[in-house]
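K.L.:
Residue numbers (the numbering used here): 72 to 255. Below is a structure I'd like to ask you about.
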């Protein structure tokens, strides 16, 4: 009779609601604890979403350039350039082509080389930093020609997907591009 009482007592204890809930929680936590103690692989953050992989070999591609004239009218041209498949390289090639067009229209000083470009991402916004060589002792441009050059640089960068454009002169922040048009 003592064994039947003992069994009934254990069964009464085990079938109480708080004991059942505690054992269910323990049973569900065991796989989680086991997985945490094992040599699991740390989750990898997803990379940038690209359509294809960037290539390191320069390829011919069409890039847009935006040319503003002295009257403020702009036109977008597609030019064929040879570049690698990165934002900075495509924009750099576009700015070289833009300089050629602006030189033909006398909206770029012949003594100034094509600008360089670097970009970075800040708060999910792509910022393009365009570095233009200083004018030096070369003769300057008319006001409207200098304005056309600055606006062409900015609009071309925006056409390539930049959210913000900053212009440096000689690698440093400046108040004007070549002495007449304010940068800010």
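Idealized CB from N, CA, C, for every residue including glycine.
Express the C-alpha separation of residue 225 and residue 149 in angstroms, rounding to a whole number.
P.N.:
Approximately 16 Å, taken between the alpha carbons.
K.L.:
Please classify residue 133 as buried or exposed, where buried requires at least 16 neighbouring CB atoms within 10 angstroms.
P.N.:
It is exposed - the Cβ of residue 133 has fewer than 16 other Cβ atoms within 10 Å.
K.L.:
Please confirm if the segment 179–188 is in contact with the segment 98–108, defined as three or more CB-CB distances below 8 Å between the two stretches.
P.N.:
No, because fewer than three Cβ pairs between the segment 179–188 and the segment 98–108 fall closer than 8 Å, the two stretches do not touch.
K.L.:
Return the chain-ordered list of same chain residues with a C-beta closer than 8 Å to the C-beta of residue 232, the five sequence neighbours on each side being excluded.
P.N.:
Result list for residue 232: 158, 197, in chain order.
K.L.:
Any idea what DSSP makes of residue 133, helix, strand or coil?
P.N.:
Residue 133: strand per DSSP, three-state reduction.
K.L.:
Output the distance between the C-alpha atoms of residue 246 and residue 214, rounded to the nearest integer angstrom.
P.N.:
Going by the C-alpha atoms only, they are around 15 Å apart.
K.L.:
Who are the Cβ neighbours of residue 320 in its own chain at under 6 Å, not counting the five residues just before and after it?
P.N.:
Past the boundaries of the shown model lies residue 320; the chain is included only from 72 to 255, so the question cannot be answered.
K.L.:
Just the Cα atoms here: how many angstroms apart are residue 144 and residue 179?
P.N.:
Distance between the alpha carbons of residue 144 and residue 179: 16 Å.
K.L.:
Please give me, in chain order, every unbroken run of the beta strand (DSSP E) with length at least 3 that falls completely inside the segment 121–196.
P.N.:
For the segment 121–196, whole beta strand (DSSP E) runs of length 3 or above, ordered along the chain, are 130–139, 145–154, 187–193.
K.L.:
Thinking just about the alpha-carbon of each residue, which of 131, 252, 91 is nearest to the one in residue 211?
P.N.:
Checked all of 131, 252, 91; the closest Cα to residue 211 is 252.
K.L.:
Between which two residues does the alpha helix (DSSP H) holding residue 222 run?
P.N.:
It spans 214–230 - the alpha helix (DSSP H) in which residue 222 sits, taken as one unbroken run.
K.L.:
Name the two residues that bound the continuous beta strand (DSSP E) containing residue 243.
P.N.:
Premise fails: residue 243 is in no beta strand (DSSP E) and is neither H nor E.
K.L.:
Measure the beta-carbon distance from residue 238 to residue 229 and round it to whole angstroms, keeping in mind my assumption that it falls under 8 Å.
P.N.:
With 8 Å as the limit, residue 238 and residue 229 do not qualify as a contact, their Cβ atoms being about 13 Å apart.
K.L.:
Flag this pair as yes or no: are the beta carbons of residue 172 and residue 206 separated by less than 9 Å?
P.N.:
No.
K.L.:
Going by beta carbon distance, what residues of the same chain come within less than 8 Å of residue 153, once the five residues before and after it are set aside?
P.N.:
The answer, listed in chain order, is 129, 130, 131, 132, 164.
K.L.:
Enumerate in chain order the residues of its own chain whose CB-to-CB distance from residue 216 is below 7 Å, with the five nearest sequence positions on each side excluded.
P.N.:
Only 141, 177, 178 meet the Cβ criterion.
K.L.:
By alpha-carbon positions, which one of 99, 236, 204 ends up nearest to residue 250?
P.N.:
The candidate whose alpha carbon is nearest that of residue 250 is 204.
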